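First comes the structure, then the notes that go with it.
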Amino acid sequence: MPIRSLDDFAFGKLEELDRACLRRTLAECRREGSPWVTHEGRRLLSFSCNDYLNLSHHPALKAAAMAAIGQYGVGAGASRLVTGNHPLFCELEARLAGLKGTEAACVFGSGYLANSGIIPVLAGAQDLILIDELAHACLWAGTKLSLAQTLVFRHNDVTHARSLLALNRAQFRHALLVTDGVFSMDGDLAPLHDLSQLCTSFNAWLMTDDAHGLGVIGGGRGSAFAAGPGTHVPLQMGTLSKAIGGYGGYLCASRPVIDLMKTRARTLIYSTALPPVMAAAAIAALTIIETEPELTAKPLAKARAFTSRLGLPEAQSPIVPLIVGEPELALQASNRLGEEGFLVAPIRPPTVPAGTARLRFAFTAMHPDEEIARLADAVRPLIAGTPARQERARETRKGM
Ligand SMILES: Cc1ncc(COP(=O)(O)O)c(C=O)c1O
Numbered sequence: 014m015p016i017r018s019l020d021d022f023a024f025g026k027l028e029e030l031d032r033a034c035l036r037r038t039l040a041e042c043r044r045e046g047s048p049w050v051t052h053e054g055r056r057l058l059s060f061s062c063n064d065y066l067n068l069s070h071h072p073a074l075k076a077a078a079m080a081a082i083g084q085y086g087v088g089a090g091a092s093r094l095v096t097g098n099h100p101l102f103c104e105l106e107a108r109l110a111g112l113k114g115t116e117a118a119c120v121f122g123s124g125y126l127a128n129s130g131i132i133p134v135l136a137g138a139q140d141l142i143l144i145d146e147l148a149h150a151c152l153w154a155g156t157k158l159s160l161a162q163t164l165v166f167r168h169n170d171v172t173h174a175r176s177l178l179a180l181n182r183a184q185f186r187h188a189l190l191v192t193d194g195v196f197s198m199d200g201d202l203a204p205l206h207d208l209s210q211l212c213t214s215f216n217a218w219l220m221t222d223d224a225h226g227l228g229v230i231g232g233g234r235g236s237a238f239a240a241g242p243g244t245h246v247p248l249q250m251g252t253l254s255k256a257i258g259g260y261g262g263y264l265c266a267s268r269p270v271i272d273l274m275k276t277r278a279r280t281l282i283y284s285t286a287l288p289p290v291m292a293a294a295a296i297a298a299l300t301i302i303e304t305e306p307e308l309t310a311k312p313l314a315k316a317r318a319f320t321s322r323l324g325l326p327e328a329q330s331p332i333v334p335l336i337v338g339e340p341e342l343a344l345q346a347s348n349r350l351g352e353e354g355f356l357v358a359p360i361r362p363p364t365v366p367a368g369t370a371r372l373r374f375a376f377t378a379m380h381p382d383e384e385i386a387r388l389a390d391a392v393r394p395l396i397a398g399t400p401a402r403q404e405r406a407r408e409t410r411k412g413m
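Heads up: the sequence shown begins at 14 in this note's numbering, then just goes up one per residue.
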């Protein structure tokens, strides 16, 4: 029997979201190996997939995955600490650590699970966490779970982070600074070289979420490498769900830190291991990333062709935002591009701060150049007035 107060609650919430143009619904979307998708029955060219290297349908990954399913089945059967620790995880961890230049790595069930598990292992009530105001939701989730004292620094503002550390560091046992390496909704890069020096000088630990960096910047090795020599990021977290084309998350770090994760991270201990098939596919993806530099360079080059054609600031990653302001404007802009045959999902609060709803373009290696040019022509009329909006959005953020 339905519980009236519960349904009334849900109904009221949905009405509120509808009024603010903030309700989200799930649309059916079929991807069959190219950036073209069937979305709600319409064939569209998608600029909203994070499959930057189009590896999710690569023949080598499919073959590795099918062989693994044939041999090992579809599920891990238990958490890694019980019977779910398939030997493929050990191989994958060695490959990830090799690519990221760390002693060791730990694979988690997803990127979200990784961040939710890693941060509470490293910081507790006696510790300080500094977090970029635009950090991804799962870095916030891990931070909240840790119960550490949390201070927010303005987006990419090293001077602000320094002043917060100078004022507060001495009162805490440990300090952890967490940031995206590539910001998922803005496409810009964290100033990791300067953050790494700052952390060294305050004995703070630097942790990056490199979900959108691996495979596409820094020669495929991610944001810590794009930041250049002298950058030391001891905690490099990431996901297997974007350029790697599959699913799963990981942390690359020193051997003691990884050993600690494997005995303390609750999302590793109390969650069933990733299906081994995902490890097999990820290993095949890493081989491609390590051996095909021309492929890993493509998504950024495509994004830059787009920004250059429109006179926008040069893309720093395969992600290009176009801030339009209010949620209904983002919906309208997305619909207009849909009429031109493009799928560009509108991004609205709370994923981004209020007043900064946007279109988010994600470029992949397989996007045809002529379609990028056509997209730019379709986007041009939407840009009128947006520089002022982008400026206002920056001001709003400063005041957050
Ligand atoms: C920056 C960032 N971190 C973490 C995640 C979560 O990764 P996963 O999809 O593997 O849970 C995402 C994905 O949306 C992301 O964009």
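For glycine and all other residues, C-beta sits at the position ideal for the given N, C-alpha and C.
Because the structure is a prediction, the values reported are computed rather than measured.
query	result
Can you tell me the Cα-Cα spacing of V333 and L350, whole angstroms?	15 Å
Within 10 angstroms of its Cβ, does R407 collect 16 or more other Cβ (buried), or is it exposed?	Unreliable positioning characterises R407 in this predicted model, as indicated by a pLDDT of 49, which lies under 50. A coordinate reading is not provided.
Can you confirm whether the region 95-114 touches the region 281-299 when touching is taken to mean that 3 or more C-beta pairs between the two stretches lie within less than 8 Å?	yes
To the nearest angstrom, report how far apart V392 and E353 are at their CA atoms.	10 Å
With a floor of 3 residues, list each beta strand (DSSP E) that falls wholly inside the region 116-204, ordered by position along the chain.	117-121, 141-145, 162-166 and 188-193
So is A389 in contact with chain C if we call contact Cβ pairs under 9 Å?	The structure shown has no chain C; it contains just one protein chain.
Taking 8 Å as the cut-off, is the beta-carbon of N348 closer than that to any non-hydrogen atom of ligand 1?	no
Given 8 Å as the limit, tell me if N169 has its C-beta closer than that to any heavy atom belonging to ligand 1.	no
Please find out if some non-hydrogen atom of ligand 1 comes closer than 8 Å to the beta-carbon of L323.	no
Hey, would you say the C-beta of L287 is under 8 Å away from at least one heavy atom of ligand 1?	no
Name the one or two DSSP bridge partners that T252 has.	G262
DSSP three-state label for T285, please.	strand
Just how far apart, CA to CA, sit A358 and S61?	6 Å
Sort out for me which residues DSSP pairs F355 with in a bridge.	L58
Would DSSP call P15 helix, strand or coil?	coil
Under the three-state reduction of DSSP, which class applies to T276: helix, strand or coil?	helix
Does the separation of the CB atoms of A188 and W218 fall below 9 Å?	yes
Do you know offhand how far M413's Cα is from V95's?	Reliability of the predicted coordinates at M413 is poor, the pLDDT of 34 falling under 50, and the value obtained from them is presented with this limitation in mind. Each residue's alpha carbon lies about 44 Å from the other.
Where does the unbroken alpha helix (DSSP H) through A89 begin, and where does it stop?	First-last for A89: undefined, no H or E at that position.
Tell me which residues share the same chain as V134 and place their Cβ nearer than 7 Å to its Cβ, disregarding the 5 neighbours each side in the sequence.	L273, M274, R277 and A278
By DSSP, does F374 sit in helix, in strand, or in coil?	strand
Please state whether the Cβ-Cβ distance between S47 and H70 is less than 9 Å.	yes
Secondary structure at V337, three-state DSSP: helix, strand or coil?	strand
According to DSSP, simplified to helix, strand and coil, what is T38?	coil
By how many angstroms is the C-alpha of P242 removed from the C-alpha of I230?	15 Å
Rounded to the nearest angstrom, what separates I132 and A239 at their Cα positions?	24 Å
Would you check if the distance between the CB atom of T121 and the CB atom of A292 is smaller than 9 Å?	Looking at the sequence provided, one finds Phe at residue 121 rather than Thr. Against a cut-off of 9 Å, the Cβ pair of A292 and F121 comes out as no contact.
Report yes or no: do the region 322-338 and the region 114-128 share at least 3 C-beta pairs separated by less than 8 Å?	no
Say yes only if the C-beta of C103 is nearer than 8 Å to one or more non-hydrogen atoms of ligand 1, and no if none qualify.	no
Going by beta carbon distance, what residues of the same chain come within less than 6 Å of S267, once the five residues before and after it are set aside?	E116
Starting from T244 and walking both ways along the beta strand (DSSP E), at which residues does that stretch end?	That residue, T244, is in no beta strand (DSSP E); it is neither H nor E in DSSP.
Taking just the CA atoms, how far does G235 sit from P306?	13 Å
Is the region 363-370 touching the region 74-83, taking contact as three or more C-beta pairs under 8 Å?	no
Given this structure, state the Cα-to-Cα distance separating G338 from G86, to the nearest angstrom.	47 Å
Specify the secondary structure class of M379 as computed by DSSP and reduced to three states.	coil
D222 bridges to which residues according to DSSP?	D193 and M250
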